[in-house]
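Q:
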Amino acid sequence: MADFLQIQGVSKSFGPFQAVRDVTLSVAQGEIFSLLGGSGCGKTTLLRMLAGFEDPTAGRIFLDGRDMAGVPPWARPVHMMFQSYALFPHMTVEANISYGLKHDALTPAQRRDRVREMLDLVQLTPTATRKPHQISGGQRQRVALARALARQPKLLLLDEPLAALDKKLREHTQFELMSIQARTGVTFIVVTHDQEEAMTLSDRIAVMDRGQVQQVGSPTEIYEYPVNRFVASFIGAITSFDAEVVARDAGFLTLHVPDFGGQVTTREADFAPGTRVTLALRPEKLVISKDRPPGNAVQGVVKDLAYFGKDSLYRITLASGALVQAHAVNQARGAAMVADWDDQVWLSFQPSAAIVLGG
Amino acid sequence: MTRRPTFLLSVLAFGFAFFYVPILSMMVYSFNASRLATVWGGFSTKWYGALMSNSQVGEALLLSLKIALVSSTLATILGTLAGIALVRFTKFRGRTLFSGLVTAPLIMPEVITGVSALIFFLLLAGWIGWPAQRGFTTITLAHVTFSMVFVTTIVQARLLQSDRAIEEAAMDLGTRPWGVLWDITLPVISPAILSGWLLAFTISLDDVVITSFTTGPGSTTLPLLIWSKVKLGVTPDINALATLMVLAVGLGVAVAGVVMNRAEARRLADERLAYRAQG
Ligand SMILES: Nc1ncnc2c1ncn2[C@@H]1O[C@H](COP(=O)(O)OP(=O)(O)OP(=O)(O)O)[C@@H](O)[C@H]1O
Ligand SMILES: [Mg+2]
């Protein structure tokens with residue numbers, strides 16, 4: 000498969016410290032691809048290698064079939080939107096956007112048209128003649144985007160594009176980003192440490208930890224089928240239990256879970272009987288009830304309860320002392336909640352809702 | 000607890016007095032009718048008149064201004080380039096040595112700088128016959144070498160706190176490093192360059208020590224003239240000259256201050272407006 004962007008075994012060391020380790024990824028044309036991970040996991044470093052600001056210590060990068068080794072930043076058809084926006088403070092919004100265009104063979108009229116088109120795209124026409132310090136944070140973010148898009152790059156790199164915005168503006172801008180990407184068709188690589196942002200924006204996500212890619216997949220794959228404990232706990236909330244495989248049948252796995260004081264059934268996974276595994280349960284997959292339901296169930300006491308309006312979060316202590324988080328949607332207005340403090344309740348879940356991880 | 004502010008205040012008052020009383024008394028005595036600098040003989044402006052008709056003073060002032068203008072401009076160009084090289088091109092060989100060498104002249108006694116400049120010019124004259132005579136050129140060169148260090152220090156400090164990403168963004172948008180220097184780096188640090196230039200200009204304008212080592216016959220700058228006149232006894236026309244210089248410098252500083260305050264106030268107002276418009 001000749002993919003648009005191919006990153007093959009790329010590593011980057013700063014002295015003895017390895018910031019990026021053996022990363023292999025491929026990104027298709029027109030995709031919104033996210034790099035998701037905690038602070039310091041090497042996201043920016045990987046992005047800077049794609050932009051040409053850092054040379055990989057090992058590995059190769061191909062863009063549209065062309066080896067990028069030794070190609071300087073100014074010669075790459077790749078543009079970057081910086082974490083700090085990096086607008087030119089001494090130039091107007093207009094001049095910022097048209098800056099890169101001076102390297103393209105355009106007539107002054109074409110150049111003006113392109114700038115106007117970009118201003119239009121990000122809805123900044125009224126502020127065209129202002130300087131960066133005369134516009135708001137959200138507007139700066141859009142200037143940075145317009146500037147990076149003006150030369151019609153093949154690949155746009157966005158380093159935490161929404162991190163500097165407040166929550167409301169961030170949600171609004173997410174959708175704006177997606178619609179701009181859809182209209183321009185440019186391939187986006189978005190760096191973020193916000194898992195919700197990654198889930199909303201991306202076609203695919205690469206979850207990184209300590210310089211390594213842990214899992215690549217669609218938001219659903221990453222959320223529903225995490226491959227290890229790190230991914231499972233990084234994306235969404237999770238409660239994990241130590242368990243041991245008892246039996247493996249067609250379509251099912253039977254686990255012994257000491258915290259449950261018995262056995263549970265889950266969907267089949269590639270583990271032989273006797274293997275020590277982790278049973279991971281997401282709060283919204285657990286059902287709370289007063290009476291014992293059939294299937295996987297365990298009894299506990301409501302320790303803590305938080306009401307969020309649309310749903311409530313319960314913390315339930317099991318007989319073994321383990322603490323479990325469970326979500327319940329508040330369906331009817333004013334209706335009594337499923338359970339109250341210190342109530343004895345049953346927690347249950349479908350075999351297909353459980354995540355079984357190695358180790 | 001109440002004693003401490005009183006103590007601090009009196010120290011402060013004493014410090015100010017120590018600095019300003021001599022200057023004020025000099026200004027007052029410049030209007031002294033008496034020939035004797037230390038005896039008050041009534042109010043008069045005759046020394047200012049005498050100053051105006053003294054062609055020696057006019058020539059010295061002109062020479063000082065010429066030297067200050069040329070040396071500060073050269074020092075600014077060289078000092079800025081050195082500052083950029085030190086901060087941005089981090090990987091050249093001998094960088095640590097170079098940055099040490101740049102700051103050394105800041106703490107070098109001026110006498111040493113002056114003597115070494117003199118010896119260098121004498122040696123050079125012996126080898127290649129230039130400079131045949133000391134004067135405008137030698138003074139200017141000596142001033143360039145020591146005032147450039149101040150420009151470098153200011154530019155370096157400004158660059159260290161400026162966002163490297165701005166330059167990377169320009170490069171990312173297709174501009175080569177030299178273009179980035181011209182399009183982005185220089186405009187962004189231009190206030191620092193301007194203040195470096197002003198500093199170099201004033202340093203050159205009031206320098207006595209290095210100038211006296213590198214000057215030659217017929218090249219008397221204003222500070223040298225004052226110095227040589229004072230050696231023969233303080234006369235009221237020197238007071239008048241010094242008063243004019245204090246006023247000129249004071250005016251310059253005040254104007255610069257007002258302009259900068261206005262610019263800062265406008266920037267703050269703009270920012271407030273922008274945040275209100277954010278909605
Ligand atoms: N030039 C450098 N020299 C030495 N170490 C560096 C350099 N650049 C980055 N690092 C280190 O590499 C690691 C990864 O940095 P990077 O900036 O890629 O993190 P990140 O994932 O972008 O984090 P954040 O979410 O905080 O932006 C960090 O530990 C950082 O200290
Ligand atoms: Mg980063």
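Listed in order, the protein sequences are those of chains A and B.
With numbering that gives the first Met the number 0 applied, the first sequence corresponds to residues 0 to 358, in that order.
With numbering that gives the first Met the number 0 applied, the second sequence corresponds to residues 0 to 278, in that order.
We put the beta carbon where it would ideally sit given N, CA and C, even for glycine.
Given the structure is predicted, the values throughout are model-derived calculations rather than measurements.
Any C-beta of chain B within less than 7 Å: which residues of the segment 71-84 of chain A qualify?
A: Within the segment 71-84 of chain A, the residues whose Cβ lies closer than 7 Å to some Cβ of chain B are 72, 73, 78, 79, 81 and 83, listed in chain order.
Q: What residues of chain A sit near residue 174/B, judged by a beta carbon separation below 9 Å?
A: 73, 98, 99, 101 and 102
Q: If you reduce the DSSP assignment to three classes, tell me which class residue 59/A lands in.
A: The answer is strand: DSSP assigns residue 59/A an E or B state.
Q: In chain order, what residues of the segment 256-276 of chain A put their CB closer than 9 Å to some CB of chain B?
A: Nothing from the segment 256-276 of chain A brings a Cβ to less than 9 Å from some Cβ of chain B.
Q: Let me see if you follow: with CB-CB separation under 8 Å, is residue 50/A close to chain B or not?
A: yes
Q: Does the pairing of the segment 82-92 of chain B with the segment 145-155 of chain B give three or more beta-carbon distances under 8 Å?
A: yes
Q: For residue 13/A, which option in 33/A, 355/A and 56/A has the closest C-alpha, if you only look at C-alpha atoms?
A: 56/A
Q: From what residue to what residue does the beta strand (DSSP E) around residue 18/A run?
A: 16-26
Q: Taking only runs that begin and end inside the segment 115-189 of chain B, name each unbroken alpha helix (DSSP H) of 4 or more residues, in chain order.
A: 135-160, 163-171 and 176-179
Q: Using a Cβ-Cβ distance under 8 Å, would residue 266/B count as near chain A?
A: yes
Q: Using a Cβ cut-off of 8 Å (strictly closer), state whether residue 174/A contacts chain B.
A: no
Q: Residues around ligand 2, please: the condition is that the C-beta lies closer than 7 Å to some non-hydrogen atom of it.
A: 42/A, 43/A, 82/A, 158/A, 159/A and 190/A
Q: In its own chain, which residues sit with a C-beta less than 6 Å from the C-beta of residue 7/A, not counting the 5 before and 5 after it?
A: Listed in chain order, the non-local C-beta contacts of residue 7/A below 6 Å within the same chain comprise 23, 58 and 59, local neighbours out to five positions each way being set aside.
Q: Check whether the segment 68-78 of chain A touches the segment 152-165 of chain A, counting contact only when three or more Cβ pairs, one atom from each stretch, lie closer than 8 Å.
A: yes
Q: Would you say the beta carbon of residue 217/A is closer than 7 Å to some non-hydrogen atom of ligand 1?
A: no
Q: Given this structure, state the Cα-to-Cα distance separating residue 142/A from residue 214/B, to the nearest angstrom.
A: 56 Å
Q: Which full runs of the beta strand (DSSP E) of 3+ residues lie inside the segment 224-299 of chain A, going along the chain?
A: Listed in chain order, they are 238-248, 251-256, 261-266, 275-280 and 286-288.
Q: Would you decide whether residue 127/B is buried or exposed? Buried here means 16 or more other CB atoms lie within 10 Å of its CB.
A: Residue environment analysis places residue 127/B among the exposed positions, since fewer than 16 neighbouring C-beta atoms fall within 10 angstroms of its C-beta.
Q: Check for me: the beta strand (DSSP E) holding residue 345/A runs from which residue to which?
A: 343-348
Q: When you compare only the Cα positions, how much space is there between residue 141/B and residue 200/B?
A: Going from the Cα of residue 141/B to the Cα of residue 200/B covers about 13 Å.
Q: According to DSSP, is residue 117/A part of a helix, a strand, or is it coil?
A: helix
Q: Is the separation between the beta-carbon of residue 100/A and that of residue 149/A shorter than 8 Å?
A: yes
Q: Ignore the nearest five residues each way along the sequence and tell me which others in residue 278/B's own chain have a CB closer than 6 Å to its CB.
A: Interpretation of residue 278/B is limited by its pLDDT of 39, a score under 50 that renders its predicted location unreliable; no figure is taken from the coordinates.
Q: Ordered along the chain, which non-local residues of its own chain (more than five positions away) have a Cβ less than 6 Å from that of residue 0/A?
A: Its pLDDT being 46, under 50, residue 0/A is placed unreliably by the model, and the measurement read from it follows with that caveat. Within the same chain, residue 0/A has no close Cβ partners at all.
Q: The beta strand (DSSP E) that contains residue 11/A, what's its start and end?
A: 4-13
Q: Terminal residues of the continuous beta strand (DSSP E) containing residue 311/A?
A: 310-317
Q: Is there at least one Cβ from chain B nearer than 8 Å to residue 122/A's Cβ?
A: no
Q: Could you check whether the Cβ of residue 280/B sits closer than 8 Å to any Cβ belonging to chain A?
A: Outside the displayed range of chain B (0 to 278) lies residue 280/B, so it cannot be described from this structure.
Q: Does residue 84/A pass the burial test, meaning 16 or more other C-beta atoms within 10 Å, or should it be called exposed?
A: buried
Q: Helix, strand or coil, according to DSSP, for residue 211/A in the structure here?
A: strand
Q: Mapping the DSSP letters down to three states, classify residue 38/B as helix, strand or coil.
A: coil
Q: Any heavy atom of ligand 1 within a distance shorter than 7 Å of the CB on residue 387/A?
A: Outside the displayed span of chain A (0 to 358) sits residue 387/A, for which this structure offers no information.
Q: 8 Å is my cut-off, CB to CB: does residue 65/A come that close to chain B?
A: no
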